[in-house]
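Peer 1: Residue numbers (my numbering), protein chains in the order written: chain A, 1 to 310; chain B, 1001 to 1258.
All residues carry an ideal CB built from backbone N, CA and C; glycine is no exception.
To start, I am sharing the structure in question, which I have written as structure tokens.
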Amino acid sequence: MSSILSVQNLNKSFGNKHVLHDVSFDLKPGHIVGLVGPNGAGKSTLMKTMLGLFNYDSGSIKIAGETVTPQKHESLSKVGALIEYPGIYPFLTGWDHLQLFADGDHQLIHIQKIISQLNMDSFIKRKAKGYSLGMKQKLGIALALVNFPELVILDEPMNGLDPEATKELRDLIISESQHGTTFLISSHILSELQRLAQDLLIIDEGRIVQQTTMHELLASQGKQTIMLMTSDDKKTRQLLKKARFKTTPDPRVEVVATDDNTMPEVLRLLVEGGVDILDVTRLEGNLESSLLEVLKQSRIQKRLAEEEAE
Amino acid sequence: MWTLVRQESFKLTRRVSTWVSTAFLVGIEIVFAFLSRVYPQTFVPANMFESLYFSRPIINFYMIAATATIITMEFQYGTMKQVLYRRYSRGQVLVSKWLAIFLYTLYWYVMSTGIALLMKALLFRHTLSIHQGAGDGMSIFTRGLAISAASFVSLWLLLSVVFLLANLFRNSAAAVSVGIIGYFASNIVTQLLTILIQKWDWAKWNPVTMTLYPSMLSHPGYYQPLLRMQGWQMLLGNVIYIAIFLGIGYYVFNKRNV
Chain A
1 MSSILSVQNL
11 NKSFGNKHVL
21 HDVSFDLKPG
31 HIVGLVGPNG
41 AGKSTLMKTM
51 LGLFNYDSGS
61 IKIAGETVTP
71 QKHESLSKVG
81 ALIEYPGIYP
91 FLTGWDHLQL
101 FADGDHQLIH
111 IQKIISQLNM
121 DSFIKRKAKG
131 YSLGMKQKLG
141 IALALVNFPE
151 LVILDEPMNG
161 LDPEATKELR
171 DLIISESQHG
181 TTFLISSHIL
191 SELQRLAQDL
201 LIIDEGRIVQ
211 QTTMHELLAS
221 QGKQTIMLMT
231 SDDKKTRQLL
241 KKARFKTTPD
251 PRVEVVATDD
261 NTMPEVLRLL
271 VEGGVDILDV
281 TRLEGNLESS
291 LLEVLKQSRI
301 QKRLAEEEAE
Chain B
1001 MWTLVRQESF
1011 KLTRRVSTWV
1021 STAFLVGIEI
1031 VFAFLSRVYP
1041 QTFVPANMFE
1051 SLYFSRPIIN
1061 FYMIAATATI
1071 ITMEFQYGTM
1081 KQVLYRRYSR
1091 GQVLVSKWLA
1101 IFLYTLYWYV
1111 MSTGIALLMK
1121 ALLFRHTLSI
1131 HQGAGDGMSI
1141 FTRGLAISAA
1151 SFVSLWLLLS
1161 VVFLLANLFR
1171 NSAAAVSVGI
1181 IGYFASNIVT
1191 QLLTILIQKW
1201 DWAKWNPVTM
1211 TLYPSMLSHP
1221 GYYQPLLRMQ
1231 GWQMLLGNVI
1241 YIAIFLGIGY
1251 YVFNKRNV
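What follows is the structure in structure tokens.
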């Protein structure tokens, strides 16, 4: 399957500061890809460079096989984006914005569709200067999606959205990806990203430290836990501690599953200990702890490599 | 390209200030037309018609502000990224802004000339003939048009500097200030310019001299010997400086990180 976005050996500096180091990755059509990393890792710089906003020192960026530079980027017609925060003209209505940026045939149909998908009918005809943060964010997302592009790049898309709007956006992203749209999403709301992204790009200090799938990352970090609801949580904790099961600091009773035998052993222990089990849930590892582990390992390896070089 | 020009024009038409300033300019022309009718000794009807009832300086201020903000508002509202990460090249985006401002300048000149003709028809039907001679083989009407064309060109010289500064500083205050200072500078430093030109002939080719183009067309007998320049030389100088300033602005816009 050919990639919709291909970045190869991308290097970018601001003056003497080298901020992107040989960044290489490919995005497959129809995938939802999370771009994650700590603050200052280079996520926004990478996104802006891919969108032709920054010049770069070396390497290549290709969208659908066509090279992107700040001077020439016709292939961006296949891309929709929301970077950092939505740019809004306060003197225009939301409808005006969509009209302004809608391209090609069937503009009105596209505008109506995106308004209804993001539930924006109630405010779309009002001047944007009166919009709340969430309304502006919705409009920014609508602007990124109005032309139904093949690739959508979203930087912190859930910022300012209430739970209802977050769910609408999640449903929209999943539905569009099923129709072949590729999404590259950067977000610090990792729990949300965990529910959305199939693939992950982990970036730290301007380097891609891991390109993986969400499933592989969570499985590789061995962070599966078993959450228990019991008739006596205090007694449960005592029994687990005595039997040397590892629990998490979570206020709920959570046991770290080291292998497939953990669940039956825990259940047997509690039944024999006279505790009624009201509910059992197996939780996969979470993205936050897995990401922190990957970053920790990558930094250790980098330090060792530097020490060896010296 | 025309899609971009249409989008820029769309933004201009959606701004309340566009329509408020249009109403203000029409009001100014009507007020000065009435003053000219009531006090013809003070506000000489032929001169007032030639000056489009005092509308040209107001158009200059409007256009300096509009040119500065067409660039800086994109930074102020955070919309520059959105404008740039589309299929259009940076050059196309900037040129579309030039074209939108060019059309906007035309709008003001055509509108103010139309209002001036309307005022003449309504208030001076029998007292002013715009076809009567006004010297240099021109009628009042053709002379008015020639001065308008010259001020259009020299206004664009100022606007090319404003475009450049708005690009450099992302701040409309700096660009507007320099534009307005530039507008007055030519009149303020005329005496100094004259001394310099009398001493060194090549000094006449500086950009400030070029902004005196409309004044020279209004009073050719006075300005031509003083500046040692012909009308066509000033036109050429203006066009060259406009190209230089727009060219530098184009280069800066293409190179900058957004």
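Does the contact criterion of 3 or more C-beta pairs under 8 Å hold for the stretch 1177 to 1185 of chain B versus the stretch 1115 to 1131 of chain B?
Peer 2: no
Peer 1: For the stretch 1162 to 1196 of chain B, list the alpha helix (DSSP H) runs that are entirely contained and at least 4 residues long, ordered along the chain.
Peer 2: 1172 to 1188
Peer 1: For V79 (chain A), name the three-state secondary structure that DSSP assigns.
Peer 2: As a working note, residue 79 (chain A) is residue 79 in the first sequence. V79 (chain A) falls in the strand class under three-state DSSP.
Peer 1: At the level of alpha carbons, what is the spacing between D22 (chain A) and G59 (chain A)?
Peer 2: In the first sequence, the residue the question calls residue 22 (chain A) occupies position 22. In the first sequence, the residue the question calls residue 59 (chain A) occupies position 59. If I take the Cα positions, the gap works out to 8 Å.
Peer 1: Excluding the 5 residues flanking E84 (chain A) on each side, which residues of the same chain have their C-beta closer than 8 Å to its C-beta?
Peer 2: On the first sequence, residue 84 (chain A) is found 84 positions in, with the first residue counted as 1. The residues are S44, D155 and E156.
Peer 1: Assuming N1263 (chain B) is part of the alpha helix (DSSP H), what are its boundary residues?
Peer 2: For residue 1263 (chain B) there is no data in the structure shown, the boundaries of chain B being 1001 and 1258.
Peer 1: Inspect the CB distances between the stretch 1248 to 1255 of chain B and the stretch 1085 to 1095 of chain B and report whether three or more fall short of 8 Å.
Peer 2: yes
Peer 1: Any idea which residues DSSP pairs L35 (chain A) with across the strands?
Peer 2: For the purposes of this step, residue 35 (chain A) is taken as the residue at position 35 of the first sequence. L35 (chain A) is bridged to A:S186 and A:L201.
Peer 1: Looking at the structure shown, is G52 (chain A) part of a helix, part of a strand, or coil, going by DSSP?
Peer 2: Here residue 52 (chain A) is taken as the residue at index 52 of the first sequence, counted from 1. Coil at G52 (chain A), not helix or strand.
Peer 1: Using a Cβ cut-off of 8 Å, which residues of the stretch 31 to 57 of chain A contact any Cβ in chain B, in chain order?
Peer 2: From the stretch 31 to 57 of chain A, only K48, L51, G52, L53, F54 and N55 have a Cβ closer than 8 Å to chain B.
Peer 1: Identify each residue in the stretch 100 to 120 of chain A for which the Cβ-Cβ distance to at least one residue of chain B is less than 9 Å, and report them in chain order.
Peer 2: L100, F101 and D103
Peer 1: Pull up the DSSP beta-bridge partners for V1095 (chain B), would you.
Peer 2: Stepping through the second sequence from its first residue, residue 1095 (chain B) is reached at position 95. Answer is none; V1095 (chain B) lacks a bridge partner.
Peer 1: Quick one: which chain B residues come within Cβ less than 9 Å of E164 (chain A)?
Peer 2: Here the question's residue 164 (chain A) lines up with position 164 in the first sequence. By Cβ distance, chain B contributes nothing, its closest Cβ being about 26 Å from E164 (chain A), past 9 Å.
Peer 1: Measure the C-alpha to C-alpha separation of H1131 (chain B) and L1106 (chain B) and round it to an integer number of angstroms.
Peer 2: Along the second sequence, one-based indexing puts residue 1131 (chain B) at 131. Along the second sequence, one-based indexing puts residue 1106 (chain B) at 106. So the two alpha carbons sit approximately 24 Å from each other.
Peer 1: What distance in whole Å lies between the Cβ atoms of Y1222 (chain B) and L1212 (chain B), which are believed to be in contact at a cut-off of 8 Å?
Peer 2: Here residue 1212 (chain B) refers to the residue found at position 212 of the second sequence. Here residue 1222 (chain B) refers to the residue found at position 222 of the second sequence. Between Y1222 (chain B) and L1212 (chain B) the Cβ distance is about 11 Å, and since that is not below 8 Å, they are no contact.
Peer 1: Quick one: what's got a C-beta closer than 6 Å to G273 (chain A)'s C-beta in the same chain, skipping five residues either side?
Peer 2: Indexing the first sequence from 1 puts residue 273 (chain A) at position 273. Answer for G273 (chain A): L239, listed in chain order.
Peer 1: Using the DSSP secondary-structure output, state which residues sit across from F25 (chain A) in a beta bridge.
Peer 2: As a position in the first sequence, residue 25 (chain A) is number 25, starting the count at 1. According to DSSP, F25 (chain A) bridges with A:V7.
Peer 1: Which residues in chain A have a C-beta closer than 9 Å to the C-beta of F1010 (chain B)? List them in chain order.
Peer 2: Position 10 of the second sequence, counting from 1, holds the residue named residue 1010 (chain B). Correct list: L92, D96, Q99 and L100.
Peer 1: Under the assumption that V1239 (chain B) contacts V1208 (chain B) (Cβ atoms under 8 Å), give the Cβ distance between them as a whole number of angstroms.
Peer 2: To locate residue 1239 (chain B), count along the second sequence from 1; it is residue 239. To locate residue 1208 (chain B), count along the second sequence from 1; it is residue 208. V1239 (chain B) to V1208 (chain B), Cβ: 16 Å. No contact.
Peer 1: So, does the CB of R1015 (chain B) fall closer than 7 Å to a CB anywhere in chain A?
Peer 2: Residue numbering aside, residue 1015 (chain B) sits at position 15 when the second sequence is read from its first letter. Yes, contact with chain A.
Peer 1: Which partner residues does D96 (chain A) have in the DSSP bridge list?
Peer 2: The residue you call residue 96 (chain A) lines up with position 96 of the first sequence. Partner(s): none; D96 (chain A) has no beta bridge.
Peer 1: Go through its chain and collect everything with a Cβ distance to T230 (chain A)'s Cβ below 8 Å, but skip five positions before and after it.
Peer 2: Counting from one through the first sequence, the residue named residue 230 (chain A) turns up at place 230. Taken in chain order, the residues that qualify are T236, V253, L270, V275, D276, I277 and L278.
Peer 1: Select from A:H73, A:P86 and A:L5 the residue whose C-alpha is nearest the C-alpha of A144 (chain A).
Peer 2: Residue numbering aside, residue 144 (chain A) sits at position 144 when the first sequence is read from its first letter. Cα-wise, what sits closest to A144 (chain A) is A:P86.
Peer 1: Using a Cβ-Cβ distance under 7 Å, would N1171 (chain B) count as near chain A?
Peer 2: Taking the first residue of the second sequence as 1, we reach residue 1171 (chain B) at position 171. False, the Cβ-Cβ gap to chain A never drops below 7 Å.
Peer 1: Based on the DSSP secondary-structure assignment, which residues constitute the bridge partners of H18 (chain A)?
Peer 2: Your numbering for residue 18 (chain A) matches position 18 in the first sequence. A:S13, per the DSSP bridge assignment.
Peer 1: For H179 (chain A), which option in A:H31, A:L196, A:Q137 and A:K234 has the closest C-alpha, if you only look at C-alpha atoms?
Peer 2: Locating residue 179 (chain A) in the first sequence gives position 179, where the first residue counts as 1. Answer by Cα proximity: A:H31.
Peer 1: Is S1036 (chain B) helix, strand or coil when you go by DSSP?
Peer 2: Numbered from its first residue, the second sequence carries residue 1036 (chain B) at position 36. Of the three classes helix, strand and coil, the one that applies to S1036 (chain B) here is helix, per DSSP.
Peer 1: Please tell me whether S1112 (chain B) and L1158 (chain B) are closer than 7 Å, where the distance is taken between their beta carbons.
Peer 2: Taking the second sequence and counting its residues from 1, the one referred to as residue 1112 (chain B) is at position 112. Taking the second sequence and counting its residues from 1, the one referred to as residue 1158 (chain B) is at position 158. Cβ distance not < 7 Å, so S1112 (chain B) and L1158 (chain B) don't count as in contact.
Peer 1: If distances are taken between C-alpha atoms only, which option among A:T262, A:A81 and A:S186 comes closest to I226 (chain A)?
Peer 2: Taking the first residue of the first sequence as position 1, residue 226 (chain A) is located at position 226. That would be A:T262, whose Cα lies nearest to the Cα of I226 (chain A).
Peer 1: Could you say which of A:L5, A:H18, A:P29 and A:L287 lies nearest to Q224 (chain A) if we only look at CA atoms?
Peer 2: Stepping through the first sequence from its first residue, residue 224 (chain A) is reached at position 224. Of the listed residues, the one whose Cα sits closest to Q224 (chain A) is A:L287.
Peer 1: With 7 Å set as the bound, which would you pick, yes or no: does the beta-carbon of K72 (chain A) sit closer than that to a beta-carbon of chain B?
Peer 2: Translated into positions along the first sequence, residue 72 (chain A) becomes position 72. Yes, contact with chain B.
Peer 1: Rounding to the nearest angstrom, what Cα-Cα distance links L1246 (chain B) and S1160 (chain B) in this structure?
Peer 2: Here residue 1246 (chain B) refers to the residue found at position 246 when the second sequence is read from its first residue. Here residue 1160 (chain B) refers to the residue found at position 160 when the second sequence is read from its first residue. L1246 (chain B) and S1160 (chain B): Cα-Cα distance of roughly 5 Å.
Peer 1: Nearest to P90 (chain A) by CA position, among B:E1074, B:M1229 and B:L1128, is which residue?
Peer 2: For the purposes of this step, residue 90 (chain A) is taken as the residue at position 90 of the first sequence. Comparing Cα positions, the closest option is B:E1074.
Peer 1: Can you check whether the CB of F1124 (chain B) is closer than 7 Å to the CB of P1040 (chain B)?
Peer 2: As a working mapping, residue 1040 (chain B) is identified with position 40 in the second sequence. As a working mapping, residue 1124 (chain B) is identified with position 124 in the second sequence. The answer is no: Cβ separation not under 7 Å.
Peer 1: For S1089 (chain B), does the three-state DSSP call read helix, strand or coil?
Peer 2: The residue you call residue 1089 (chain B) lines up with position 89 of the second sequence. S1089 (chain B) falls in the coil class under three-state DSSP.
Peer 1: Mapping DSSP to helix, strand and coil, what is I88 (chain A)?
Peer 2: On the first sequence, residue 88 (chain A) is found 88 positions in, with the first residue counted as 1. I88 (chain A): coil per DSSP, three-state reduction.
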